[in-house]
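Novice: After the structure tokens below, expect a handful of questions from me.
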Amino acid sequence: MLVKKYRDMLSRKSAIRELFDYGRQRAGVIGYENVFDYSIGNPSVPVPERFNRILADLALSGEDLRVHGYSPTLGIDIVRERIAADLQRRFGIPYTKDHIFMTTGAAGAIAHALRAVCDEGSEVVIFAPFFPEYIPYIEGAGCRVKKVRARTQDFQIDFEHFYEVLTPEVSAVLINSPNNPSGTVYSEETLKKLAGILTEKQKEFGHEIYLISDEPYREIMFREKKCPYTALYYDNTITCYSFSKSLSLPGERIGYVAVNPACEGSKLIVPMCGQISRFTGHNCPPSIIQLAVSECLDLTSDMSVYEKNADILYEELTSMGFECVRPDGTFYIFPKVPYGNADEFSRAAREFDILLVSGATFDAPEHIRLSYCIDTEKVERSIPSFRRLMDSYMKGKR
1 MLVKKYRDML
11 SRKSAIRELF
21 DYGRQRAGVI
31 GYENVFDYSI
41 GNPSVPVPER
51 FNRILADLAL
61 SGEDLRVHGY
71 SPTLGIDIVR
81 ERIAADLQRR
91 FGIPYTKDHI
101 FMTTGAAGAI
111 AHALRAVCDE
121 GSEVVIFAPF
131 FPEYIPYIEG
141 AGCRVKKVRA
151 RTQDFQIDFE
161 HFYEVLTPEV
171 SAVLINSPNN
181 PSGTVYSEET
191 LKKLAGILTE
201 KQKEFGHEIY
211 LISDEPYREI
221 MFREKKCPYT
231 ALYYDNTITC
241 YSFSKSLSLP
251 GERIGYVAVN
261 PACEGSKLIV
271 PMCGQISRFT
281 GHNCPPSIIQ
291 LAVSECLDLT
301 SDMSVYEKNA
311 DILYEELTSM
321 GFECVRPDGT
331 FYIFPKVPYG
341 NADEFSRAAR
351 EFDILLVSGA
361 TFDAPEHIRL
371 SYCIDTEKVE
381 RSIPSFRRLM
391 DSYMKGKR
């Protein structure tokens with residue numbers, strides 16, 4: 001018999017992926033250059049040349065067992081050592097390799113972190129707007145989702161509502177900064193307040209509450225801003241990272257878990273992740289990719305195009321009447337649509353071959369997400385289509 005849980009999920013497929021697939025089909029009809037696809041966050045800037053050279057050198061080194069063989073369960077030791085040293089240098093936290101677990105991207109990191117600190121049936125808090133795959137990640141770990149509503153004026157945390165959902169059943173809080181879909185970075189003030197509340201509630205409830213910090217966009221920051229490092233503000237922090245964005249390597253599926261050394265159980269969590277892998281079939285990312293990224297920790301792709309695209313879209317969309325919080329980073333912008341119906345607006349946009357993701361997907365149904373990791377030339381060409389869309393949409397509302 002087919003398993004009902006997964007069969008039922010077929011009717012709840014990723015809206016982002018379905019829109020992306022529609023865009024590919026539409027491109028086959030009218031040409032890719034004529035589809036303004038803002039649907040999926042697929043990094044568009046080139047991989048750093050140095051990374052490709054290192055990858056080629058590793059492949060041709062003749063050390064096939066080291067490069068192509070199985071890695072240890074927790075990841076390659078020298079890779080873990082290099083990542084720990086890089087984090088210690090950048091953020092001043094005394095990580096060692098024993099605090100690092102190599103994963104298949106941030107998704108794999110989150111999956112392991114949840115299972116390490118959350119018993120089945122416990123609750124995990126997430127803050128809208130949130131990446132929609134958090135829900136299957138959490139439910140797949142046997143936990144229950146608790147949502148905090150979006151504070152849409154600035155996309156910081158709605159602490160009043162957070163207090164309401166923070167019950168003794170909560171084992172973990174999952175945050176994402178810089179944020180997908182809003183592009184907002186949690187401020188130092190926000191993180192300090194969050195840490196204070198969690199510290200207070202740990203004492204009240206008599207058990208740890210772990211903060212799982214999803215940080216794949218940490219390096220994509222605009223206007224010379226810095227992204228506060230969450231683990232500096234709260235001891236029980238587990239950081240989940242991916243090189244998909246910083247090095248434009250989404251298809252390589254490489255990331256890590258970094259356990260704050262001050263975290264309760266810090267000596268056990270990484271070995272536990274190794275055991276969790278036995279149940280999830282994770283079994284370590286490819287050795288050659290682990291080795292290659294470990295030699296590029298001081299490197300990122302040239303991501304200046306994302307800031308340029310963000311500036312263009314912010315100025316143009318606000319001039320058309322959209323309400324919008326200016327992104328601090330990432331490659332997303334999350335404007336509020338006129339009359340507040342994002343599903344309706346995103347459907348209307350298809351008529352102009354503009355593909356936008358409804359904010360309902362992120363639990364913010366009055367907003368739309370644009371992923372602008374496309375060529376600037378295409379962003380600029382899309383603006384007249386946006387103006388025609390707005391004219392048509394607003395006429396239909398009169």
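299 is the number that our numbering gives to position 299 of the sequence shown; each next residue is one higher, with no gaps. Glycine residues also receive a C-beta, built at the ideal position from the N, C-alpha and C atoms. Remember, predicted model here, so these are calculated numbers, not experimental data.
If you draw a straight line from the alpha carbon of E366 to that of L198, how long is it in whole angstroms?
Specialist: Walking along the sequence shown from the start, residue 366 turns up at place 366. Walking along the sequence shown from the start, residue 198 turns up at place 198. Roughly 30 angstroms separates the two Cα atoms.
Novice: Take the Cβ of R89 as the centre, count every other Cβ of all protein chains shown within 10 Å, and call the residue buried at 16 or more, exposed below.
Specialist: Residue mapping note: residue 89 aligns to position 89 of the sequence shown, counting from 1. Exposed: under 16 other Cβ atoms inside 10 Å.
Novice: Could you check what DSSP says for I40 in three-state terms: helix, strand or coil?
Specialist: As a position in the sequence shown, residue 40 is number 40, starting the count at 1. The answer is coil: DSSP assigns I40 none of H, G, I, E or B.
Novice: For a quick check, are the C-beta atoms of I238 and A116 less than 9 angstroms apart?
Specialist: Numbered from 1 along the sequence shown, position 238 holds the residue referred to as residue 238. Numbered from 1 along the sequence shown, position 116 holds the residue referred to as residue 116. Contact flag set, yes.
Novice: What is the rounded straight-line gap between the Cα of G281 and the Cα of I138?
Specialist: For this step, residue 281 is matched to residue 281 along the sequence shown. For this step, residue 138 is matched to residue 138 along the sequence shown. The straight-line gap from Cα to Cα measures roughly 17 angstroms.
Novice: Give the list of continuous beta strand (DSSP E) stretches no shorter than 3 residues that lie fully inside the stretch 253 to 307.
Specialist: 255 to 259
Novice: Note down the Cα distance separating C227 from M1, rounded to an integer number of angstroms.
Specialist: Sequence index remark: in the sequence shown, residue 227 carries index 227 (1-based). Sequence index remark: in the sequence shown, residue 1 carries index 1 (1-based). Between the alpha carbons of C227 and M1 lies a gap of roughly 48 angstroms.
Novice: What residue range is occupied by the uninterrupted beta strand (DSSP E) comprising R144?
Specialist: Locating residue 144 in the sequence shown gives position 144, where the first residue counts as 1. Here the beta strand (DSSP E) through R144 covers R144 to V148.
Novice: To the nearest angstrom, report how far apart R26 and F205 are at their CA atoms.
Specialist: For this step, residue 26 is matched to residue 26 along the sequence shown. For this step, residue 205 is matched to residue 205 along the sequence shown. Each residue's Cα considered, the two are about 53 angstroms apart.
Novice: Answer with buried or exposed for S11, where buried requires no fewer than 16 other C-beta atoms within 10 angstroms of its C-beta.
Specialist: Here residue 11 refers to the residue found at position 11 when the sequence shown is read from its first residue. So S11 ends up on the exposed side.
Novice: How is K226 classed by DSSP in three states: helix, strand or coil?
Specialist: Here residue 226 corresponds to residue number 226 of the sequence shown, with the count starting at 1. DSSP places K226 in coil when its eight states are reduced to three.
Novice: Use the C-beta contact count for Y217: other C-beta atoms within 10 angstroms, 16 or more gives buried, fewer gives exposed.
Specialist: Counted from its first residue, the sequence shown places residue 217 at position 217. So Y217 ends up on the buried side.
Novice: Our contact map puts Y186 next to I175 with C-beta atoms below 8 angstroms; I'd like the distance itself, whole angstroms only.
Specialist: What you label residue 186 is simply residue 186 of the sequence shown in a count that begins at 1. What you label residue 175 is simply residue 175 of the sequence shown in a count that begins at 1. Confirmed, Cβ separation roughly 7 angstroms.
Novice: Helix, strand or coil, according to DSSP, for Y134 in the structure here?
Specialist: For the purposes of this step, residue 134 is taken as residue 134 along the sequence shown, with counting starting at 1. Helix at Y134.
Novice: Kindly provide the ranges of any alpha helix (DSSP H) runs that are 4 or more residues long and lie completely inside the stretch 39 to 107, ordered along the chain.
Specialist: 49 to 59, 64 to 68 and 77 to 91
Novice: Less than 6 angstroms between C-beta atoms, sequence neighbours within five positions excluded: which residues of the same chain meet that for E252?
Specialist: Residue 252 sits at position 252 when you count from the first residue of the sequence shown. Closer than 6 angstroms at Cβ, skipping near neighbours: I289.
Novice: Taking the beta strand (DSSP E) that T239 falls in, what are its first and last residues?
Specialist: The residue given as residue 239 occupies position 239 in the sequence shown. Here the beta strand (DSSP E) through T239 covers T237 to S242.
Novice: In the DSSP assignment, the beta strand (DSSP E) including I368 goes from what residue to what residue?
Specialist: Position 368 of the sequence shown, counted from the first residue, corresponds to residue 368. Taken as a continuous stretch (DSSP letters only), the beta strand (DSSP E) holding I368 covers I368 to S371.
Novice: What's the C-alpha gap between A195 and D343?
Specialist: By 1-based counting over the sequence shown, the position of residue 195 is 195. By 1-based counting over the sequence shown, the position of residue 343 is 343. C-alpha separation (whole angstroms): 35 angstroms.
Novice: Just the Cα atoms here: how many angstroms apart are K267 and A113?
Specialist: Position 267 of the sequence shown, counted from the start, is the residue given in the question as residue 267. Position 113 of the sequence shown, counted from the start, is the residue given in the question as residue 113. Each residue's Cα considered, the two are about 14 angstroms apart.
Novice: Would you grab the beta carbon distance between L459 and I368 for me? Rounded to a whole angstrom, and I think it's under 8 angstroms.
Specialist: The displayed coordinates of the chain run from 1 to 398. Any statement about residue 459 would go beyond what the structure contains.
Novice: Using DSSP with H/G/I as helix, E/B as strand and the rest coil, what is I16?
Specialist: Here residue 16 corresponds to residue number 16 of the sequence shown, with the count starting at 1. DSSP places I16 in helix when its eight states are reduced to three.
Novice: Rounded to whole angstroms, what is the Cα-Cα separation between G183 and L389?
Specialist: The residue labelled residue 183 in the question sits at position 183 within the sequence shown. The residue labelled residue 389 in the question sits at position 389 within the sequence shown. Taking the straight line joining both Cα atoms gives about 24 angstroms.
Novice: Whole angstroms are fine: how far does the CA of H99 sit from the CA of I93?
Specialist: Locating residue 93 in the sequence shown gives position 93, counting from the first residue. Locating residue 99 in the sequence shown gives position 99, counting from the first residue. H99 has its alpha-carbon roughly 11 angstroms from the corresponding atom of I93.
Novice: Reducing DSSP to helix, strand and coil, say where Y332 ends up.
Specialist: Along the sequence shown, one-based indexing puts residue 332 at 332. Strand at Y332.
Novice: What's the C-alpha gap between M272 and Y256?
Specialist: Position 272 of the sequence shown, counting from 1, holds the residue named residue 272. Position 256 of the sequence shown, counting from 1, holds the residue named residue 256. Each residue's CA atom was taken as its position, placing M272 and Y256 some 14 angstroms apart.
Novice: Taking V185 as part of the alpha helix (DSSP H), name the residues at either end of that continuous run.
Specialist: Reading the sequence shown from its first residue, position 185 is the one you call residue 185. It is not in any alpha helix (DSSP H) - V185 carries neither H nor E in the DSSP assignment.
Novice: Is it buried or exposed, L60, if we count other Cβ atoms within 10 angstroms and call 16 or more buried?
Specialist: As a working mapping, residue 60 is identified with position 60 in the sequence shown. Flag for L60 reads exposed.
Novice: Within a Cβ cutoff of 8 angstroms, which residues of the same chain sit near A128, ignoring the five residues on either side of it in sequence?
Specialist: One-based indexing of the sequence shown puts residue 128 at position 128. Correct list, in chain order: K147, V148, R149, A150, F362, D363 and A364.
Novice: When the Cα of V79 is compared with those of A258, Q202, Y134 and E133, which residue comes out closest?
Specialist: Taking the first residue of the sequence shown as position 1, residue 79 is located at position 79. Measuring from the Cα of V79, the nearest candidate turns out to be A258.
Novice: Whole-angstrom Cβ separation of F222 and G340, contact assumed at under 8 angstroms?
Specialist: Taking the sequence shown and counting its residues from 1, the one referred to as residue 222 is at position 222. Taking the sequence shown and counting its residues from 1, the one referred to as residue 340 is at position 340. Contact flag wrong, Cβ pair sits at about 27 angstroms.
Novice: The alpha helix (DSSP H) with G348 in it runs from where to where?
Specialist: Within the sequence shown, numbered from 1, the residue matching residue 348 stands at position 348. The sequence shown places Ala at residue 348, rather than the Gly named in the question. Start and end: A342 to R350.
Novice: Do F386 and P43 have their C-beta atoms closer together than 9 angstroms?
Specialist: On the sequence shown, position 386 is the one that residue 386 refers to. On the sequence shown, position 43 is the one that residue 43 refers to. Going by C-beta atoms, F386 is not nearer than 9 angstroms to P43.
Novice: Go ahead and label N52 buried or exposed: buried means 16 or more other beta carbons lie within 10 angstroms of its beta carbon, across all protein chains shown.
Specialist: As a working note, residue 52 is residue 52 in the sequence shown. Exposed, by the Cβ-count rule.
Novice: Taking the C-alpha atoms as reference points, what is the distance between Y234 and E208?
Specialist: Numbered from its first residue, the sequence shown carries residue 234 at position 234. Numbered from its first residue, the sequence shown carries residue 208 at position 208. Those two C-alpha atoms are separated by around 12 angstroms.
Novice: Looking only at its own chain, which residues have a Cβ that is under 8 angstroms from the Cβ of D154, when we skip the five neighbours before and after it?
Specialist: Residue 154 sits at position 154 when you count from the first residue of the sequence shown. T184 and V325, listed in sequence order.
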